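**Student:** Everything in the sequence shown is counted per this note's numbering, starting at 20 for the first residue and increasing by one.
Starting off with a structure, shown below.
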Amino acid sequence: MTHFRCYLFISLFLLLVLNTSGILADSSPSDLLILTEEYAPFNYLEDGTLKGLSVDLLESAFHHMGSSITRDDFSLGSWSEAYQTALTRNNTILFTMARIPEREDKFQWAGPIITDAKVLFGIPDENSSILHNDITSYRIVAISDDSGYQLALDAGASPDQVIVVSSAGEAIRMVENGTADVWSYGEMAGNEQINRYANNPEKFTPLLDIGTVEEYFAIQKDTDPAFVRELNDTLATLKTERTESGSSEYEQIVYRYLPVQCAESEITSQMVTDLVNLTAEAIAENTLETLDKINAGDEPYKDPDIPGLYVFVYTIDGILIADAGNPHLIGKKMTGKGDVTGKMFRDEMITGAIDHGTGWVHYVFSHPAMSGIFPKKSYYRLVTGSDGSDYVVISGRYMSCAYLWQSSKESHDRSIEMDIQDDGKILLAGTRNETGQKDILVLRYLPTGKNDLSFGNNGAVIFSGDAGKDDYAFGVTYDTSGNVLVAGREHNGHDPDMILLKYLPDGTPDTDFGDNGVVRYAGPGNGTDSFRGLFVQDDGAVLLTGEMNMSHHKEMIAVRVSPDGIVDETFADSGIFILNRTDDADSYGFAIAPDKEGRIVLTGGIVVPGDDNSSIATVRLQKNGEPDSSFGIDGLAIYQGDGGGPDYGNWVSVSSDDKIMVLGTETDTHGSYDIVLLRYCPDGTLDTSFGDAGVVVYGGSGYDYAWGKTIQDDGKIVIAGTSEIQGVTTPILIRYNPDGTPDMTFGESGIFTFEAFGPGMLYGVHADSDGVLYANGYITKEGRDISLLVKIPAENF
Numbered sequence: 020m021t022h023f024r025c026y027l028f029i030s031l032f033l034l035l036v037l038n039t040s041g042i043l044a045d046s047s048p049s050d051l052l053i054l055t056e057e058y059a060p061f062n063y064l065e066d067g068t069l070k071g072l073s074v075d076l077l078e079s080a081f082h083h084m085g086s087s088i089t090r091d092d093f094s095l096g097s098w099s100e101a102y103q104t105a106l107t108r109n110n111t112i113l114f115t116m117a118r119i120p121e122r123e124d125k126f127q128w129a130g131p132i133i134t135d136a137k138v139l140f141g142i143p144d145e146n147s148s149i150l151h152n153d154i155t156s157y158r159i160v161a162i163s164d165d166s167g168y169q170l171a172l173d174a175g176a177s178p179d180q181v182i183v184v185s186s187a188g189e190a191i192r193m194v195e196n197g198t199a200d201v202w203s204y205g206e207m208a209g210n211e212q213i214n215r216y217a218n219n220p221e222k223f224t225p226l227l228d229i230g231t232v233e234e235y236f237a238i239q240k241d242t243d244p245a246f247v248r249e250l251n252d253t254l255a256t257l258k259t260e261r262t263e264s265g266s267s268e269y270e271q272i273v274y275r276y277l278p279v280q281c282a283e284s285e286i287t288s289q290m291v292t293d294l295v296n297l298t299a300e301a302i303a304e305n306t307l308e309t310l311d312k313i314n315a316g317d318e319p320y321k322d323p324d325i326p327g328l329y330v331f332v333y334t335i336d337g338i339l340i341a342d343a344g345n346p347h348l349i350g351k352k353m354t355g356k357g358d359v360t361g362k363m364f365r366d367e368m369i370t371g372a373i374d375h376g377t378g379w380v381h382y383v384f385s386h387p388a389m390s391g392i393f394p395k396k397s398y399y400r401l402v403t404g405s406d407g408s409d410y411v412v413i414s415g416r417y418m419s420c421a422y423l424w425q426s427s428k429e430s431h432d433r434s435i436e437m438d439i440q441d442d443g444k445i446l447l448a449g450t451r452n453e454t455g456q457k458d459i460l461v462l463r464y465l466p467t468g469k470n471d472l473s474f475g476n477n478g479a480v481i482f483s484g485d486a487g488k489d490d491y492a493f494g495v496t497y498d499t500s501g502n503v504l505v506a507g508r509e510h511n512g513h514d515p516d517m518i519l520l521k522y523l524p525d526g527t528p529d530t531d532f533g534d535n536g537v538v539r540y541a542g543p544g545n546g547t548d549s550f551r552g553l554f555v556q557d558d559g560a561v562l563l564t565g566e567m568n569m570s571h572h573k574e575m576i577a578v579r580v581s582p583d584g585i586v587d588e589t590f591a592d593s594g595i596f597i598l599n600r601t602d603d604a605d606s607y608g609f610a611i612a613p614d615k616e617g618r619i620v621l622t623g624g625i626v627v628p629g630d631d632n633s634s635i636a637t638v639r640l641q642k643n644g645e646p647d648s649s650f651g652i653d654g655l656a657i658y659q660g661d662g663g664g665p666d667y668g669n670w671v672s673v674s675s676d677d678k679i680m681v682l683g684t685e686t687d688t689h690g691s692y693d694i695v696l697l698r699y700c701p702d703g704t705l706d707t708s709f710g711d712a713g714v715v716v717y718g719g720s721g722y723d724y725a726w727g728k729t730i731q732d733d734g735k736i737v738i739a740g741t742s743e744i745q746g747v748t749t750p751i752l753i754r755y756n757p758d759g760t761p762d763m764t765f766g767e768s769g770i771f772t773f774e775a776f777g778p779g780m781l782y783g784v785h786a787d788s789d790g791v792l793y794a795n796g797y798i799t800k801e802g803r804d805i806s807l808l809v810k811i812p813a814e815n816f
């Protein structure tokens with residue numbers, strides 16, 4: 020390479036001249052040159068320092084090989100020039116490179132590093148003709164010597180369709196100015212480059228998947244094979260050896276830069292339990308022979324065709340005594356060691372086996388046949404061996420479970436509510452904070468988890484009020500025509516007002532609804548007014564609840580809005596129901612639902628006279644908006660937990676027999692929050708056949724809160740919320756049987772936790788007719804909130 024254009028260039032030739040004492044280990048070539056490019060999150064420059072998954076991994080490998088080489092010795096520059104250098108100059112490493120057949124014999128390889136998807140990025144709009152899967156009609160741009168060129172050809176493009184340029188910035192500009200339709204590149208790195216170089220990153224989206232590759236360190240083919248073998252062996256050790264914390268160094272590095280990946284698994288829960296039971300029976304019959312066969316990786320203890328299906332065995336004091344998948348760990352005490360998220364899953368399995376005999380535990384783990392880290396679900400069983408000792412037999416399966424809606428690095432997104440349309444499309448509504456101002460964010464996904472490009476801007480709609488202050492969405496639903504309705508609040512420049520938005524199926528405002536798609540409603544007092552919950556009646560009218568600021572306090576309200584966006588003044592008192600039971604004390608409306616007779620049920624909070632804190636308030640109204648005196652006391656039922664409040668009702672539903680179920684949160688006697696589930700009879704009294712006299716309380720070790728629930732076809736109740744686990748607010752789902760007892764077949768003793776994705780919360784949950792659960796909320800990653808959509812097939816429960 021005669022001229023290396025770079026942001027940072029430190030040549031090892033120069034280092035070797037200046038440092039005659041030598042900084043390299045004996046196994047490393049004395050003139051080793053290490054080249055890379057800007058390809059975040061694998062390799063990139065930040066504040067003058069080279070960072071990234073591949074950078075950290077290679078630096079760690081050199082350290083373990085006894086070498087003094089660090090990231091300061093890596094050179095960052097043009098991909099094409101570096102590629103040509105790596106082809107011809109002996110003792111050169113180039114990363115991060117896709118290992119594809121056309122390159123196989125051109126290099127030696129060390130890795131793999133990670134699995135990477137390659138896609139075609141484009142900018143769809145209402146006049147676009149590129150929303151299809153026919154690659155032969157695209158004008159494609161690719162970077163010189165990048166795998167995107169070859170993968171586009173492999174996907175069906177002809178060479179004369181592909182324009183070759185020298186940089187990502189040039190490729191992105193060509194798509195923006197219309198001289199190319201799509202850009203062929205890695206999906207993760209492409210998103211980073213688009214955020215960096217595009218004038219409007221939000222317009223770009225992956226239009227077509229063209230391949231999945233393994234990324235590697237590529238090494239010039241004449242380099243000493245012994246050095247390459249040592250590098251490969253070291254990388255393998257980084258993946259499999261567990262540190263004192265319990266996770267491998269590879270897992271820690273991957274988790275530092277990437278979310279946990281979910282992969283489709285051919286292993287079923289039944290296959291796992293069958294393997295554990297077969298192994299347990301064999302250990303009971305002949306312990307020593309069975310353990311030897313497991314450690315040898317013999318069938319059936321390790322499936323020769325499915326690398327992820329294998330069995331391992333612990334003693335009850337936590338020593339790994341047999342492992343068909345990772346035999347190098349045998350003999351080590353593994354209790355007190357967590358996964359990469361800190362979850363002590365081994366302790367949970369051993370304790371669970373001792374206490375219950377069998378069970379399931381979820382955690383994060385590397386895959387023996389794939390690059391990356393994945394959520395895993397393992398089944399354990401306690402067995403007494405033929406030698407009289409007790410053992411815990413375990414096997415697991417990797418799970419397909421989640422989609423993350425990734426936005427630009429500058430934004431913080433939280434999806435607060437969700438709904439699933441009749442066509443399977445998934446609606447999310449919440450907030451986006453990109454410039455320090457919160458805007459209303461509405462997303463629509465296809466059932467596959469991909470953005471619905473026919474909705475708004477690449478599947479997203481943003482509403483920003485005229486005042487330029489914070490706006491929020493709290494509820495979302497759709498009507499029979501596929502129109503989308505969003506409830507929330509908009510700041511008017513002085514204080515926030517209630518707002519109802521209506522969008523056509525394509526995400527454009529319905530200009531025939533209210534004021535160009537917007538209905539605004541404000542109370543008589545100064546302060547915050549919000550619509551929180553909503554549903555659409557059969558006639559197209561929208562029922563909403565929330566809180567409205569009176570002159571001195573807030574009140575729970577209900578409003579009905581006609582299909583054309585006019586407040587229905589025949590409803591309640593001049594168009595609005597106001598709870599108004601507590602003089603100057605507050606009440607709040609958080610959720611609303613109809614019953615089969617058309618009555619309206621609200622839940623939220625109320626401060627009753629003599630109390631300083633709110634209790635859960637549940638209200639039933641007649642069709643006309645007047646209180647239903649046959650429910651509770653004049654239409655109102657109040658519940659307060661043992662902690663004396665504040666308590667809130669956050670979600671409500673009504674069964675076919677008119678029983679009302681309220682999900683909420685109550686303050687416990689220690690001043691923290693617990694999750695509470697109430698079921699009322701049609702007259703407003705608690706249903707004593709449910710839970711403990713009509714009440715179910717879930718309290719973990721700290722802060723527990725829930726916002727959403729769904730009832731499956733079999734009557735089981737699924738709750739979405741958060742629980743404090745080891746000091747971290749963790750997204751959770753909880754499932755109860757129809758009588759309010761915990762469903763011990765769900766997750767771990769009735770609870771499905773999501774430590775794998777990081778700290779955060781789930782707000783909503785829905786079940787489809789196939790038993791698949793969808794939940795939404797957000798996680799926090801590197802200080803940024805990311806909207807989260809989780810899909811959990813029934814077999815993963």
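By construction, the Cβ of each residue, glycine as well, lies at the ideal position given by its N, Cα and C atoms.
All of these numbers come straight from a predicted model, not from anything done at the bench.
#1: Just checking my contact of residue 139 with residue 225 at CB under 8 Å: how many whole Å lie between their CB atoms?
#2: Return the chain-ordered list of same chain residues with a C-beta closer than 7 Å to the C-beta of residue 516, the five sequence neighbours on each side being excluded.
#3: What residues match up with residue 93 in a beta bridge as DSSP calls it?
#4: Taking the straight line between their C-alpha atoms, what separation do you get for residue 490 and residue 454?
#5: Below 8 Å on the Cβ atoms is my contact criterion, and I expect residue 343 with residue 316 to pass it. Report the Cβ-Cβ distance as a whole number of Å.
#6: If we require 4 or more residues per run, which alpha helix (DSSP H) segments fall completely within the segment 284-325?
#7: Output yes or no for whether 9 Å exceeds the beta carbon distance between residue 358 and residue 265.
#8: Using a Cβ-Cβ cutoff of less than 7 Å, which residues in the same chain neighbour residue 249 once the five nearest sequence positions on both sides are dropped?
#9: First and last residue of the alpha helix (DSSP H) that includes residue 255?
#10: Grouping DSSP H, G and I as helix and E and B as strand, with all else coil, what is residue 806?
#11: Between residue 75 and residue 88, what straight-line distance do the alpha-carbon atoms span, to the nearest angstrom?
#12: Identify the continuous beta strand (DSSP E) that holds residue 239 and give its terminal residues.
#13: Quick one: using the 10 Å Cβ neighbour count with 16 as the cut-off for buried, is residue 788 buried or exposed?
#14: Out of 196, 347, 742, which has the shortest C-alpha to C-alpha gap to residue 691?
#15: Exposed or buried, what is residue 404 when buried is set at 16 or more other beta-carbons lying within 10 Å of its beta-carbon?
#16: In chain order, which continuous runs of the beta strand (DSSP E) of length 3 or greater are located wholly inside the segment 684-760?
#17: Three-state secondary structure (DSSP) at residue 531?
#18: Using alpha carbons as the reference points, say which of 813, 786, 801, 806 lies closest to residue 275.
#19: Hey, could you find the ends of the beta strand (DSSP E) residue 359 is sitting in?
#20: Could you give the residue range of the beta strand (DSSP E) that holds residue 142?
#21: Check for me: the alpha helix (DSSP H) holding residue 99 runs from which residue to which?
#22: Measuring CA to CA, which of 446, 391, 379, 437 is closest to residue 414?
#23: Which residues mark the beginning and the end of the beta strand (DSSP E) in which residue 795 is found?
#24: Could you compute how far the alpha carbon of residue 771 sits from the alpha carbon of residue 577?
#25: Run through DSSP, which three-state label would residue 118 get?
#26: Which class does residue 42 belong to by DSSP, given the choice of helix, strand or coil?
#27: At which residues does the beta strand (DSSP E) containing residue 549 begin and terminate?
#28: Quick check: is the beta carbon of residue 381 nearer than 9 Å to any beta carbon in chain D?
#29: With DSSP collapsed to three states, give me the class of residue 427.
#30: Please look up how many angstroms separate the CB atoms of residue 546 and residue 492, rounded, as I've assumed it's under 8 Å.
#31: Check this for me: beta carbons of residue 580 and residue 560, under 9 Å apart or not?
#32: Between 612, 620, 605, 591, which has its C-alpha nearest residue 645's C-alpha?
#33: Taking 6 Å as the limit between beta carbons, can you name the residues of its chain near residue 42, skipping five residues before and five after?
#34: Residue 894 to residue 178, Cα distance in whole Å?
#35: Considering only the alpha carbon of each residue, which of 803, 705, 762 lies closest to residue 738?
#36: Whose CA, out of 246, 267, 263, 247, lies closest to the CA of residue 256?
**Tutor:** Reading from the atomic positions:
#1: 7 Å
#2: 508, 509, 539, 540, 541, 548
#3: 53
#4: 13 Å
#5: 5 Å
#6: 288-304, 306-314
#7: yes
#8: 46, 84
#9: 244-259
#10: strand
#11: 12 Å
#12: Boundaries of the beta strand (DSSP E) around residue 239: 224-239.
#13: Exposed, because fewer than 16 other Cβ atoms sit within 10 Å of the Cβ of residue 788.
#14: The residue with the shortest Cα to Cα distance from residue 691 is 742.
#15: So residue 404 counts as buried.
#16: 692-699, 714-717, 723-730, 736-744, 747-755
#17: coil
#18: 801
#19: No beta strand (DSSP E) holds residue 359; DSSP gives it neither H nor E.
#20: Segment: none, residue 142 is in no beta strand (DSSP E) and carries neither H nor E.
#21: 98-107
#22: For residue 414, the nearest C-alpha among the options comes from 379.
#23: 792-800
#24: Rounded to the nearest angstrom, the two C-alpha atoms are 34 Å apart.
#25: coil
#26: Note that residue 42 scores a pLDDT of 36, beneath 50, so its modelled location is shaky; the value from the coordinates is reported in the next line. In this structure, residue 42 counts as coil in the three-state DSSP scheme.
#27: 549-555 is the extent of the beta strand (DSSP E) around residue 549.
#28: Reference to chain D is not applicable here, since this structure consists of a single protein chain.
#29: Confidence in residue 427 is poor, its pLDDT being 49 and thus under 50, which makes the residue's placement too unreliable to answer from.
#30: Wrong, their Cβ atoms sit about 19 Å apart, outside the cutoff.
#31: Cβ distance < 9 Å, so residue 580 and residue 560 count as in contact.
#32: 591
#33: Bear in mind that a pLDDT of 36 at residue 42, under 50, signals an unreliable position, so the number given afterwards is only what the model happens to contain. Once the five neighbours on either side are set aside, the close Cβ partners of residue 42 are 87.
#34: It is not possible to answer for residue 894, since the shown part of the chain is limited to 20 through 816.
#35: 762
#36: Minimum Cα-Cα distance from residue 256 among the listed residues 246, 267, 263, 247 corresponds to 267.
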